[in-house]
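Colleague: Residue numbers (our numbering): 3 to 224. Each residue gets a CB set at the ideal place from its N, CA and C atoms; glycine is no exception. Quick caveat, the model's predicted, so the values are computed rather than measured. Take this structure first; my questions come after.
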Ligand code: CA
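Structure representation (structure tokens):
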């Protein structure tokens, strides 16, 4: 899952980037509204953290433009304390949730998890596919109750497929959702990650759809 953090305060941006990267997300950062608008307009983020007080173009305007252009990425806005009118303007512009500064990082992470889950139409933070369970809170995976140890990138691939169960996901789409904008992308690495995942999971859950990509599905009932 890939996130955009639009925050001009360098310390706060660094803290958010670190905490969310540690929580297993791929992060791009924008330090002003112009850059934020451009990235949100051109890159397929799974969610966006948007500070409303941004230089060049303010956060509310950025958000309104995305929504006017039909971009429906979940957006969590960061608002200043005691600025209830900011929250109202943010929601009216199309925000999905908010946190007030100063905030606890855990709350931001939990709210983003919930936004991403809801955007995928999922109710529970534990994702289940046949014998496979992925806990999006702890970042742990298990098959038939046995823990499966995954690298950060393997987990990113699996988490994306789990959020889009039953759908065909192309290699390009996977690549776009696990690497940040500066990464030198090579779609072959996706095949390597999927190969390792199949080996580690031991059960046949990730199907190759020839010429199109991959599909995660529970095993057929026999
Ligand atoms: Ca700011």
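Less than 6 Å separating the Cβ of residue 35 from some heavy atom of ligand 1?
Modeller: Residue 35: no, Cβ never under 6 Å from ligand 1.
Colleague: Tell me, which residues are paired with residue 215 by DSSP?
Modeller: BP columns for residue 215 point to 211.
Colleague: Mind reading off the beta-carbon distance from residue 9 to residue 53? Whole number of angstroms is fine, and I expect it under 8 Å.
Modeller: Contact flag correct, Cβ pair sits at about 4 Å.
Colleague: With DSSP as the reference, please indicate the residues paired to residue 27 in a beta bridge.
Modeller: Paired residue(s): none; residue 27 is not in a bridge.
Colleague: Give me, in chain order, the residues of the same chain whose beta-carbon lies closer than 7 Å to that of residue 222; leave out the 5 immediate sequence neighbours on both sides.
Modeller: Result list for residue 222: empty, nothing under 7 Å.
Colleague: If residue 99 and residue 78 are in contact, beta carbons under 8 Å, what's the gap, nearest whole angstrom?
Modeller: That belief holds up - the Cβ atoms of residue 99 and residue 78 are roughly 5 Å apart, short of 8 Å.
Colleague: Which partner residues of residue 111 appear in the DSSP bridge assignment?
Modeller: Paired residue(s): none; residue 111 is not in a bridge.
Colleague: Can you give me the C-alpha to C-alpha distance between residue 187 and residue 102, rounded to a whole angstrom?
Modeller: Each residue's alpha carbon lies about 36 Å from the other.
Colleague: Helix or strand or just coil, what does DSSP make of residue 12?
Modeller: Three-state result, residue 12: helix.
Colleague: Kindly indicate which three-state DSSP category residue 98 falls into: helix, strand or coil?
Modeller: Three-state result, residue 98: coil.
Colleague: Check whether the Cβ atoms of residue 214 and residue 207 lie closer than 7 Å to each other.
Modeller: The answer is no: Cβ separation not under 7 Å.
Colleague: Quick one: Cα of residue 96 to Cα of residue 72, how far?
Modeller: The alpha-carbon atoms of residue 96 and residue 72 are separated by roughly 11 Å.
Colleague: Indicate whether residue 56 and residue 42 have their beta-carbon atoms separated by less than 7 Å.
Modeller: Going by C-beta atoms, residue 56 is not nearer than 7 Å to residue 42.
Colleague: Within the same chain, show all residues whose beta-carbon is closer than 6 Å to that of residue 138, passing over the 5 residues directly before and after it, in chain order.
Modeller: Answer for residue 138: 115 and 127, listed in chain order.
Colleague: Rounding to the nearest angstrom, what Cα-Cα distance links residue 168 and residue 212 in this structure?
Modeller: Residue 168 and residue 212: Cα-Cα distance of roughly 15 Å.
Colleague: Alpha carbon to alpha carbon, how far is residue 64 from residue 121? Give it in angstroms, no decimals.
Modeller: Their Cα atoms are separated by approximately 20 Å.
Colleague: Going by the C-beta, is residue 55 closer than 6 Å to any heavy atom of ligand 1?
Modeller: Yes, the Cβ of residue 55 comes within 6 Å of a heavy atom of ligand 1.
Colleague: Ends of the beta strand (DSSP E) at residue 81?
Modeller: Per DSSP, residue 81 belongs to the beta strand (DSSP E) from 77-81.
Colleague: How would you call residue 92, buried or exposed, if buried means at least 16 neighbouring beta carbons within 10 angstroms?
Modeller: Buried.
Colleague: Looking at residue 188 and ligand 1, is the gap between the Cβ and the nearest heavy atom below 6 Å?
Modeller: Residue 188 Cβ: outside cutoff for every heavy atom of ligand 1.
Colleague: Under the rule that 16 or more other beta-carbon atoms within 10 Å means buried, what is residue 201, buried or exposed?
Modeller: By the neighbour-count rule (16 or more Cβ atoms within 10 Å), residue 201 is not buried but exposed.
Colleague: Are residue 210 and residue 192 closer than 7 Å when you measure CB to CB?
Modeller: No. Outside cutoff.
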